[in-house]
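Everything below concerns the one structure shown next.
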């Protein structure tokens, strides 16, 4: 059986009950597809990596940051057993620094760069009056990044490092992500009801 979005979505829904976590994976999928298009790569493959990167997070939390147990190692073992391609497995392992897997492909660097930032952009939108990305400015996002009390769970160093690993200025990366996510904000639970 080959991998496609329907199969990935079924697996993600089987393992993930949290609506917020599902929406995070949708956001990362959307961003990964946009990154693939910009890089001249396969949006389907990159989208699958985005959609599945955290599918095991609820079932196998990893508070100890074990490189070989729990999330994402357990999820990658499940995916490997289902024939998920090895470069895509490595990209998922690479999004967690503690796994020690080099981000040595454009796909792996992109996943790391969009993961934390996607969550942060959604958090920024949720505190706006319209709960929307439509009028969210890059400057506002940068200001919120400096506010350590806001969205405490987002690793600011990973956001900055992600842009650096892509070789683009942080402002440019934020702007690109906003453009990628804006048309899909309903999927992400954003915008006016």
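In my numbering, the protein residues as written are 1 to 193. C-beta: ideal position from N, C-alpha, C; glycine also.
Output the distance between the C-alpha atoms of residue 57 and residue 129, rounded to the nearest integer angstrom.
Between residue 57 and residue 129, the C-alpha separation is close to 31 Å.
TODO: Could you check the C-alpha separation between residue 69 and residue 62 for me, to the nearest Å?
DONE: Rounded to the nearest angstrom, the two C-alpha atoms are 8 Å apart.
* C-beta contact flag for residue 12 and residue 55 at 9 Å -> Contact: yes.
message: Buried or exposed, going by whether 16 or more other CB atoms sit within 10 Å of the CB of residue 14?
response: Flag for residue 14 reads exposed.
In chain order, what residues of the same chain lie with their CB nearer than 7 Å to the CB of residue 30, ignoring the 5 residues before and after it?
Contacts found: 180, 181, 184.
Worksheet entry | Selection from 111, 146, 144, 173 that minimises the alpha carbon distance to residue 24 | If we check each option's Cα against that of residue 24, 111 comes out closest.
Cβ atoms of residue 94 and residue 131: under 9 Å apart, would you say?
No; because the gap between Cβ atoms is not below 9 Å, this pair is not in contact.
- Could you work out which residue in 139, 92, 6, 105 is closest to residue 50 when comparing CA atoms only? Checking every option, the nearest Cα to that of residue 50 belongs to 92.
What residue from 101, 124, 41 has the CA that sits closest to residue 178's CA?
When only C-alpha atoms are compared, the closest one is 124.
| query | Quick one: what does DSSP say residue 119 is sitting in, helix, strand or coil? | reply | Residue state for residue 119 is assigned as helix, using DSSP reduced to three classes.
Handout entry: Limits of the unbroken alpha helix (DSSP H) element including residue 159
Key = Per DSSP, the unbroken alpha helix (DSSP H) holding residue 159 starts and ends at 156 to 166.
Can you give me the start and stop residues for the alpha helix (DSSP H) that residue 43 sits inside?
-> Looking at the DSSP string, the run of the alpha helix (DSSP H) that includes residue 43 is 43 to 52.
In the structure shown, what three-state DSSP assignment does residue 26 receive? Helix at residue 26.
(Q) Nearest by alpha-carbon distance to residue 198: which of 77, 171, 66 is it? (A) The requested residue 198 is not part of the displayed model; the chain covers only 1 to 193.
Next item on the list: Leaving out five residues on either side along the sequence, give the residues of the same chain with a beta carbon under 7 Å from the beta carbon of residue 59.
Entry: Excluding positions up to five away in sequence, the list reads 15.
Nearest to residue 170 (by Cα), restricted to the options 143, 150, 148: For residue 170, the closest C-alpha among the options 143, 150, 148 is that of 143.
Can you tell me whether residue 103 is buried or exposed? The criterion is at least 16 other CB atoms within 10 Å of its CB, across all chains shown. That one is buried.
| residue 98, buried or exposed, once every other Cβ within 10 Å from all chains shown has been counted against 16 | By the 10 Å Cβ count, residue 98 comes out exposed.
Assuming contact is defined by CB atoms lying nearer than 9 Å, are residue 3 and residue 106 in contact in what I supplied? For the 9 Å CB-CB criterion, residue 3 and residue 106 do not form a contact.
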